[in-house]
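In what follows, a structure is listed as structure tokens, so that the remarks can point back to it.
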Amino acid sequence: YNSDENNAIELTGYYWEFDSYSCTIPYPWEEYEFVYSIENIGDVNGDNKSEILIERNSYTLTTTEWGGQVYMGVKITEILNVINRTTLYRINIDIDSIYPIIDLNEDGRNELLISREELIFCINSKFKIDVLNPINEQVMSTHNFNIEWDTDSNYDHFEVLVNGMSQGITTSKTVSVSLSSGWKKIDVFMYDKSGLIVAINTINVLVSPNYTQLIMTFVIIGVAVGLYIVYKRFRKKEKEMVLMDKKIDKGGKK
């Protein structure tokens, strides 16, 4: 149905399999929503046929930082040509609005304006980025690792963001990061020579706590406390020796 829940979109007779998941719900109070919005958005690619926008979740069984397992949902937005059963656009980021515009870089495809919170992107679905390492929902055993990606498209440079913070601009297809513990959202942006963002790929990874660093911290604290105790005892002993010397001096004068 459309979001206004008044006009139905007839899909009978067309078979479309998005993903085949066997999702076992580990807890009775948890719910998983696969497809939660279907919109008829009109002709996007100029073929005189209306396209369908679908917002859905893709679920992956993931180990949490506490050792439990849950299904993590990744929001995916797709624009589909249902008649020809082709995917025109697939964007794996949260978006607030999407709007097709004209062909800006003369590649034969109209660009899309996409807004997410306070950001606006201009996307061309002809280009794509494949993040090779780490994979989505991966649990990282170290805080220091490389983010690697690949593309067959023409590009000028890339930019990597972690939780919205830029890690710098690069022309290579890898960047080294050192991250704190917890879930991290990693965005890889690809730009063309005009400065347009022509592709985005987003993954989420879990950085495990650095137990080695934690142990070393406790060891350092323990050593510091031990040295402080030894110092206090030495100072106390030193004061006792001074008092004894004073008593001896007073006794000698008498």
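Each residue of the sequence shown is one higher than the last, beginning at 1377 in our numbering. Yeah, the Cβ is synthetic: ideal placement off N, Cα and C, and Gly gets one too.
Could you tell me the alpha carbon to alpha carbon distance between K1561 and W1525, rounded to whole angstroms? Along the sequence shown, read from residue 1 onward, the residue named residue 1561 stands at position 185. Along the sequence shown, read from residue 1 onward, the residue named residue 1525 stands at position 149. Cα-Cα distance, rounded: 15 Å.
Would V1574 be called buried (16 or more neighbouring beta carbons within 10 Å of its own) or exposed? Here residue 1574 is taken as the residue at index 198 of the sequence shown, counted from 1. Its Cβ being crowded by 16 or more others within 10 Å, V1574 is buried.
Determine the direct distance from the alpha carbon of L1495 to that of G1540, and round the result to whole angstroms. Numbered from its first residue, the sequence shown carries residue 1540 at position 164. Numbered from its first residue, the sequence shown carries residue 1495 at position 119. Going by the C-alpha atoms only, they are around 11 Å apart.
Beta-carbon separation of I1490 and E1454 under 8 Å? What you label residue 1490 is simply residue 114 of the sequence shown in a count that begins at 1. What you label residue 1454 is simply residue 78 of the sequence shown in a count that begins at 1. The beta carbons of I1490 and E1454 sit no closer together than 8 Å.
Same chain only: Cβ atoms within 6 Å of F1565, ignoring 5 sequence neighbours per side: Locating residue 1565 in the sequence shown gives position 189, where the first residue counts as 1. Closer than 6 Å at Cβ, skipping near neighbours: E1535, I1573, I1576.
Going straight from the alpha carbon of R1466 to that of I1596, what length do you get? Working through the sequence shown from its first residue, we reach residue 1466 at position 90. Working through the sequence shown from its first residue, we reach residue 1596 at position 220. Roughly 50 Å between the two C-alpha positions.
With H, G and I counted as helix, E and B as strand and the rest as coil, what does DSSP make of S1398? The sequence position of residue 1398 within the sequence shown is 22, counting from 1. Only weak support is given to the placement of S1398: the predicted model assigns it a pLDDT of 49, under 50, and the question is left unresolved by the model.
Taking D1532 as the reference, which of H1519, N1520, T1547 has the closest Cα? Within the sequence shown, numbered from 1, the residue matching residue 1532 stands at position 156. It is T1547.
Rounded C-beta distance between F1521 and P1510? I'm assuming under 8 Å. Position 145 of the sequence shown, counted from the start, is the residue given in the question as residue 1521. Position 134 of the sequence shown, counted from the start, is the residue given in the question as residue 1510. 7 Å between Cβ atoms; contact.
Exposed or buried, what is V1515 when buried is set at 16 or more other beta-carbons lying within 10 Å of its beta-carbon? Counting from one through the sequence shown, the residue named residue 1515 turns up at place 139. An exposed status is given to V1515, since fewer than 16 other beta-carbon atoms sit within 10 Å of its beta-carbon.
Measure how close the beta-carbons of N1457 and E1487 come, nearest whole angstrom, since I'm counting them as under 8 Å. Within the sequence shown, numbered from 1, the residue matching residue 1457 stands at position 81. Within the sequence shown, numbered from 1, the residue matching residue 1487 stands at position 111. About 17 Å; that fails the 8 Å criterion.
By how many angstroms is the C-alpha of L1480 removed from the C-alpha of K1569? Working through the sequence shown from its first residue, we reach residue 1569 at position 193. Working through the sequence shown from its first residue, we reach residue 1480 at position 104. K1569 and L1480: Cα-Cα distance of roughly 12 Å.
What are the start and end residues of the beta strand (DSSP E) that includes L1480? Within the sequence shown, the letter at position 104 stands for residue 1480. Per DSSP, L1480 lies in no beta strand (DSSP E) and is assigned neither H nor E.
Determine the direct distance from the alpha carbon of G1571 to that of S1434, and round the result to whole angstroms. Looking up residue 1434 in the sequence shown gives position 58. Looking up residue 1571 in the sequence shown gives position 195. Distance from the CA atom of S1434 to the CA atom of G1571, rounded to whole angstroms, is 31 Å.
Counting C-beta neighbours from all protein chains within 10 Å, is the total for P1585 16 or more, i.e. buried, or is it exposed? Your numbering for residue 1585 matches position 209 in the sequence shown. With fewer than 16 other Cβ atoms within 10 Å, it is exposed.
Tell me whether N1577, by its Cβ, gets closer than 7 Å to a heavy atom of the ligand ADP. The ligand ADP is not part of the structure shown, which contains no ligands of any sort.
Simplified DSSP assignment, three categories, for I1430: Here residue 1430 refers to the residue found at position 54 when the sequence shown is read from its first residue. I1430 falls in the strand class under three-state DSSP.
Which first and last residues belong to the beta strand (DSSP E) in which K1561 is found? As a first step, residue 1561 is located in the sequence shown; it is residue number 185 there, counting from the start. 1558-1567 is the extent of the beta strand (DSSP E) around K1561.
For I1545, three-class secondary structure by DSSP: Stepping through the sequence shown from its first residue, residue 1545 is reached at position 169. Note: I1545 maps to strand in three-state DSSP.
Determine the DSSP secondary structure at I1496, reduced to helix, strand or coil. On the sequence shown, residue 1496 is found 120 positions in, with the first residue counted as 1. In the structure shown, I1496 adopts extended strand secondary structure according to DSSP, grouped into three states.
Residues bridged to V1538 [DSSP beta-bridge criterion]: For the purposes of this step, residue 1538 is identified with residue 162 of the sequence shown, where counting begins at 1. Per DSSP, M1541, I1562.
Simplified DSSP assignment, three categories, for I1511: Here residue 1511 corresponds to residue number 135 of the sequence shown, with the count starting at 1. DSSP places I1511 in coil when its eight states are reduced to three.
For W1559, which residues in the same chain have their Cβ closer than 7 Å to its Cβ, ignoring the five residues on either side in sequence? For this step, residue 1559 is matched to residue 183 along the sequence shown. Spatial neighbours of W1559 in its own chain (CB-CB distance under 7 Å, excluding positions within 5 residues in sequence) are listed in chain order as N1580, L1582.
Minimum C-alpha distance to G1418 - residue among T1578, F1410, L1537, Y1475: Here residue 1418 corresponds to residue number 42 of the sequence shown, with the count starting at 1. Of the candidates T1578, F1410, L1537, Y1475, the one whose C-alpha sits nearest the C-alpha of G1418 is Y1475.
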